[in-house]
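A.B. asks: Numbering (our numbering), first residue to last: 8 to 458. Backbone N, C-alpha and C define an ideal beta-carbon position, used for all residues, glycine too. The structure's right below; bear with me while I get my questions together.
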Amino acid sequence: MAHPAPPRKPSPAAARRGGPLSGRIRVPGDKSISHRALMLGALAIGRTEISGLLEGEDVLATAAAMNALGANAARRGDGGWTVDGIGVGALAEPENLLDLGNSGTSARLLLGMLATHPITAFLTGDASLRRRPMGRVVEPLSRIGARFVTREGGRLPLAVKGTVDPVPIVYRLPVPSAQVKSSVLLAGLNTPGETTVIEPQPTRDHTERMLRHFGAAVSTAPEEGSGLRITVEGFPELAAAPIVVPGDPSSAAFPLVAALIVPGSDVTVAGVGINPLRTGLLECLEEMGADVTLLNRREKGGEPMADIRARSGLLNGADIPAERAPRMIDEYPILAVAAAFARGRTVMRGLAELRVKESDRLAAIAAGLARCGVRVAVEGDDLIVEGAGKLPAGGASIETQLDHRIAMAFLVLGLAAHEPVGIDDTAPIATSFPGFIGLMNGLGAAIAEEE
Ligand code: S3P
């Protein structure tokens, strides 16, 4: 995994307007939960069995990293995965560079694990990940005692030297980020005493839920004023535990919004995770008047899930508050597409974090929509889409900039725009949603991959 990938020819695709979308599908497993299942499986004693693991490139990068650190994560014949863990404190020094590809979650959570193991590791990633800020985890992990050498701006490639003598910290998140929270909590596992993260705004809590599922003591308490204190006790004996990964709500968002905007559509996505810290998009769609229903709610392995049905209909613009952003941070590209088909103005507030995702998503969404004939503006950290209540023109080619969600969002836009919409490269989609184009076409979509 240490060798730079050979140059690859981009693989373009185009989506065009066609008949209604209909059917019942499943989407691949939740990306956040899949990463955590592999990581906690590696830190547990015994064999963790995982069903529904996302086999996207991001998660495979985490699996490879766990193997390089001495655990054994492997795919079984029936499609399930097992992780033979080695226990907290037992990670081995990797012999070679760890290449995390496009995956910010792999890089940041892994740095937390490495920070409190007395080993040295070297991390890198693709051109997108090498641009993304790692300072946000380097800073708290340095307070715990780890040492780092990074490129300018705290960027990858970087070297981390974990500490033999970790110091428990109380850390207030300067940005609402589940990755930073999780990184510190994972470092806290091999630290004596209690490590605490204070989050001013709630972010996805998959790490906390799964830590408890594996037997760690994780407590939460309201923080004076506002926010939440999350505390993990060091040196837990994590015991292997079975994990059922629900479908990724961030992936389900694409076929669901496609069903809303393609006239006559009726699509159900079965077995989708509905952790309340991930369902901000559903709230927005409801406010926009969308016909979306949750059926068959259930809970597995500490995570709630449901089947989600979406039927096409008229959408109205809405004012989306900044407080909701952490609960739908990955859904803005597809929400902006829905807004382009709505009647009236949609204001999406407080999107500064979108600038440091797989691409500068705020700029990428605005530029892409403008090319498709949609009236759009960025004012400060807000994104404003003027829905004309009629079909956007389309007829553009969009640069995906190594960003899977930009690629999928604009293909969905092309399914209902006047003229087809092309993207320059479908390859990034495999990081989170392998099989996306086939699944969409199975519902009746017309997405053509060019030779
Ligand atoms: C993730 C957290 C979010 C999200 C990312 C996955 C996670 O990132 O955008 O796709 O699994 O913890 P931030 O923590 O940077 O907001």
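#1: Return helix, strand or coil for A265, following the three-state DSSP convention.
#2: Between the region 389-409 and the region 113-125, do at least 3 Cβ pairs fall closer than 8 Å?
#3: With distances taken Cα to Cα, identify the nearest neighbour of A224 among A248, T210, L196 and R150.
#4: Would a C-beta distance cut-off of 8 Å place G429 and P19 closer than the cut-off?
#5: Tell me which residues share the same chain as A166 and place their Cβ nearer than 6 Å to its Cβ, disregarding the 5 neighbours each side in the sequence.
#6: Are the Cβ atoms of P316 and T275 separated by less than 8 Å?
#7: Would you mind reading off the limits of the alpha helix (DSSP H) that contains E24?
#8: For I32, does the three-state DSSP call read helix, strand or coil?
#9: Around the C-beta of S233, are 16 or more other C-beta atoms found within 10 angstroms, so that it is buried, or is it exposed?
#10: Would you identify the three-state DSSP class for I405, choosing helix, strand or coil?
#11: According to DSSP, what are the bridge partners of R305?
#12: Given Y178, which residues of its chain have a CB within under 6 Å of its CB, disregarding the five upstream and five downstream residues?
#13: Can F348 and I268 be called in contact, C-beta distance under 8 Å?
#14: Give me, in chain order, the residues of the same chain whose beta-carbon lies closer than 7 Å to that of F417; leave out the 5 immediate sequence neighbours on both sides.
#15: Between the Cα of I478 and the Cα atoms of N109, A453 and I52, which residue gives the shortest distance?
#16: Along the chain, where does the beta strand (DSSP E) that runs through F129 open and close?
#17: Which of helix, strand or coil does DSSP assign to K38?
#18: Between which residues of its own chain and P27 is the CB-CB distance below 8 Å, once the five residues before and five after are set aside?
#19: Is R211 near the ligand S3P, in the sense that its beta carbon is under 7 Å from a heavy atom of that ligand?
#20: Among M295, E306 and A266, which one has its Cα closest to the Cα of I281?
#21: Name the DSSP bridge partner or partners of I151?
#22: Which residues in the same chain have their Cβ closer than 7 Å to the Cβ of T407, if we skip the five residues on either side of it in sequence?
#23: At which residues does the beta strand (DSSP E) containing A373 begin and terminate?
#24: Measure how close the beta-carbons of P229 and E206 come, nearest whole angstrom, since I'm counting them as under 8 Å.
#25: From the DSSP output, which residues share a beta bridge with G429?
#26: Looking at C-alpha atoms only, which residue of E365, T89 and E290 is the closest neighbour of P328?
#27: Answer yes or no: the CB of V66 versus the heavy atoms of the ligand S3P, is any distance below 7 Å?
#28: With DSSP as the reference, identify every bridge partner of I391, one or two as the case may be.
#29: Flag this pair as yes or no: are the beta carbons of V251 and L61 separated by less than 8 Å?
#30: Please report the straight-line C-alpha distance between A332 and D367, rounded to a whole angstrom.
#31: Nearest CA to the CA of L358: which residue from R350, A371 and P399?
#32: Give a yes or no on whether the C-beta atoms belonging to V171 and I151 are separated by under 8 Å.
#33: Just the Cα atoms here: how many angstroms apart are G442 and P181?
#34: Spatial neighbours of G222 within its chain, please: CB distance less than 7 Å, with the 5 preceding and 5 following residues excluded, ordered by chain position.
#35: According to DSSP, simplified to helix, strand and coil, what is E330?
#36: Is the region 132-139 touching the region 84-101, taking contact as three or more C-beta pairs under 8 Å?
C.D. replies: In brief:
#1: helix
#2: no
#3: L196
#4: yes
#5: F129 and V156
#6: The sequence given here places Arg at residue 316; Pro does not occur at that position. Yes. Within cutoff.
#7: The amino acid occupying residue 24 in the given sequence is Arg; Glu does not appear at that position. Neither: R24 is in no alpha helix (DSSP H) and is coded neither H nor E.
#8: strand
#9: exposed
#10: strand
#11: M312
#12: P147, V191 and V204
#13: yes
#14: G375, I405, V428 and I430
#15: This structure gives no information on residue 478, because the portion of the chain shown stretches from 8 to 458.
#16: T127 to T131
#17: helix
#18: V269, P270, G271, S272, D273, S319 and G451
#19: yes
#20: E306
#21: Paired residue(s): none; I151 is not in a bridge.
#22: I413, A414, I430, D431, D432 and P435
#23: Looking at the DSSP string, A373 is not in any beta strand (DSSP E); the run it does join, the alpha helix (DSSP H), is R368 to R378.
#24: P229 to E206, Cβ: 11 Å. No contact.
#25: A21 and S404
#26: E290
#27: no
#28: V354 and A384
#29: no
#30: 16 Å
#31: A371
#32: no
#33: 37 Å
#34: P243, E244, L245 and A246
#35: helix
#36: no
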